[in-house]
């Protein structure tokens, strides 16, 4: 006779604008999913009360709450070691929020909390193109540049949970000023604002015609569309961006010897315009022993699904991934 | 009644010039130790036959071979995953040498084989100043620059066993030519030849008096001795070297968030002349969230002991550290 088992978990992705929550089974099938604006709640307490009620409602309508084994939560500025959101720059709640403990107390089951960059890698490892890879790097290209290292089949958190800060690696001695106050950081060239700045500089420094001149607002997406139409200057913007990205990732990979570098985030939609020059620069700069051995991949899961799936993987591995319980 | 246990291991350190072997207990006490020239044996087979006999003789004279639980071996170009020495540039034996299997077959006990840089970190973790640290970096400064990453309490090997190649991180776009054929590598500035080159360049480009001009042969040790006597130009050689080292290690640490960076190798004997400017440059360049949190340490074990102790730690952790058996 087969006894009842708890066969599902809840994955929660808190992001700046919206919070997504979903019921997920161990194979990564999403059985139900919904979302609400994160900014609707001015206190963490109200947010957690609302989230708890929404989870109960959804699970009761989809097989029952008793099927849920545990909950995994992805959030910016989350510290996996403490289960807290710590001084999040872009969330409405300030200071140290003991999110994991608060949610666990309300829900009565185990809760694991992870940093969005780390959870993202866990999602790719569990259900995406990093499956079976014990050593890889994930690099997310968007407003900022985040990354996460997988070492020996586990997230490398570092001593304080800050590992993976490729965005502020110095790629140009005394180069462009970065939002962090230093000069020459990767983000200042290859994140959203950096790419826009490169385009603006090129447009200012030349009289050549370019489709970019007729864009209402210069954006990485708009520049990529100009590339598709054969615009030389737009292609050069991504070539330059790719060259710098490739150099930084080569230094990163020379140290870590990953099986693959997996790119996610909006900027990666530029596709070949970015990644062809990036890979060429990567191969030129990477340590010769690993040249030709490191795969450049684009994520096979959508940005939105990845974090919910990663949070569910966190929930499945609760013994391993939650120390604060 | 207490039954007999195997209470000791043998640690073997194969280095370019000499091979050291020692009987070590679990607390890192060395009960006997000896060495012989590695280059005495032109074939790997002869080398392993001699090594086996020497180990038997030493153990029989020191408590008996039956007390030995296992053997750990440190070697350049060793691949921990296969137990082989693979295409060692600086050892007399070419090609792929299945050292672990050969030694195991002769000795009748388990053998683990590790790469010298990784074993070195394991020695520091088991018996040196990295004890209790789950995340740290070890950087060895000598003829070349090697390094090893500890992640979550284990060596980070990378996908192919090449992780830790900080020596060939690019620190100066289109800078000095490196022995590896590329330009601007850290090794070209901060390893032995690089430091000598910096000194020579400074001596050529200026007429200022310097004690370095009266050295028979310019060496990192000689330059450090000039520093001790207050020689301005010698101090400037190490200041410049430290500045570059600090920048490279800052990029390394920003990615990995280690608890400490531990320096080993002959060049680190330059002490404050190198590490004061290196730490200053490190703090200026490291990601702000970890600034002030990363310790700069010099190894507390002698270079010679570290590898034998690391090899013995490999032997103690044989289940974990030997996959090829």
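Residue numbers (our numbering), protein chains in the order written: chain A, 6 to 330; chain B, 6 to 330. Where a beta carbon is used, it is the ideal one built from N, C-alpha and C, also for glycine.
- Residue 250(B) sits buried, since 16 or more C-beta atoms from the chains shown fall within 10 Å of its C-beta.
- Proximity to residue 169(A) across 149(A), 180(A) and 244(A) peaks at 149(A), based on C-alpha coordinates.
- The straight-line gap separating the alpha-carbon atoms of residue 123(A) and residue 93(A) is approximately 16 Å.
- In this chain, the beta strand (DSSP E) harbouring residue 42(A) covers 35 to 42.
- Secondary structure in the stretch 68 to 126 of chain B: the alpha helix (DSSP H) runs of 4 residues or longer, each lying completely within the stretch, are 104 to 112 in chain order.
- Taking all protein chains in view, the Cβ of residue 109(A) is crowded by 16 or more other Cβ atoms within 10 Å, so the residue is classified as buried.
- Judged by their CB atoms, residue 27(A) and residue 291(A) are not nearer to each other than the 8 Å cut-off.
- When DSSP states are grouped into helix, strand and coil, residue 21(B) belongs to the coil group.
- Residues of the stretch 159 to 178 of chain A that bring their beta carbon within less than 8 Å of a beta carbon in chain B comprise 159, 161, 162, 163, 164, 165, 166, 167, 168, 169, 170, 171, 173, 174, 175, 177 and 178, in sequence order.
- For residue 153(B), the uninterrupted beta strand (DSSP E) run begins and ends at 150 to 156, by DSSP.
- One Cα belongs to residue 311(B), the other to residue 153(B), and the distance between them is close to 14 Å.
- Within 9 Å of the CB of residue 263(A), the CB atoms of chain B belong to 163, 164 and 168, in sequence order along the chain.
- Under a criterion of Cβ atoms nearer than 7 Å, no residue of chain A is adjacent to residue 95(B); the nearest Cβ is some 15 Å distant.
- Sequence-distant Cβ neighbours of residue 202(B) in its own chain, meaning closer than 6 Å and more than five residues away, do not exist here.
- Look at residue 267(A) here: in three-state DSSP terms it is strand.
- Residue 139(A) is positioned such that its CB atom lies no closer than 8 Å to that of residue 162(A).
- Contact note: residue 257(A) reaches chain B through 260, using a C-beta cutoff of 7 Å and chain order.
- The beta carbon of residue 85(B) sits no closer than 8 Å to any beta carbon of chain A.
- An exposed status is given to residue 289(A), since fewer than 16 other beta-carbon atoms sit within 10 Å of its beta-carbon.
- For residue 252(A), a Cβ of chain B is located within less than 8 Å of the residue's own Cβ.
- Of the candidates 69(A), 165(A), 42(A) and 214(A), the residue whose Cα lies closest to the Cα of residue 56(A) is 42(A).
- Secondary structure at residue 236(A): coil, using DSSP grouped into helix, strand and coil.
- Distance from the Cα of residue 144(B) is smallest, within the candidate group 278(B), 309(B) and 269(B), for 269(B).
- In summary, the residues of the stretch 281 to 294 of chain B whose CB is separated from some CB of chain A by less than 7 Å are 290, 292, 293 and 294, in the order they occur in the chain.
- Under DSSP, residue 143(A) takes part in a beta bridge, and its partners are 153(A) and 267(A).
- Listed by position along chain B, the residues whose Cβ is nearer than 7 Å to that of residue 140(A) are 163 and 164.
- Taking 3 residues as the shortest admissible run, the stretch 246 to 318 of chain B contains the following complete beta strand (DSSP E) segments, listed from N- to C-terminal end: 265 to 269 and 300 to 303.
- At least one C-beta of chain B is nearer than 8 Å to the C-beta of residue 156(A).
- Following the DSSP letters along the chain, one finds residue 202(B) inside the alpha helix (DSSP H) bounded by residues 197 to 209.
- Per the DSSP secondary-structure output, residue 45(A) pairs with nothing in a beta bridge.
- Along the stretch 295 to 311 of chain B, the positions whose C-beta sits under 9 Å from a C-beta of chain A are 295, 298 and 299, read in chain order.
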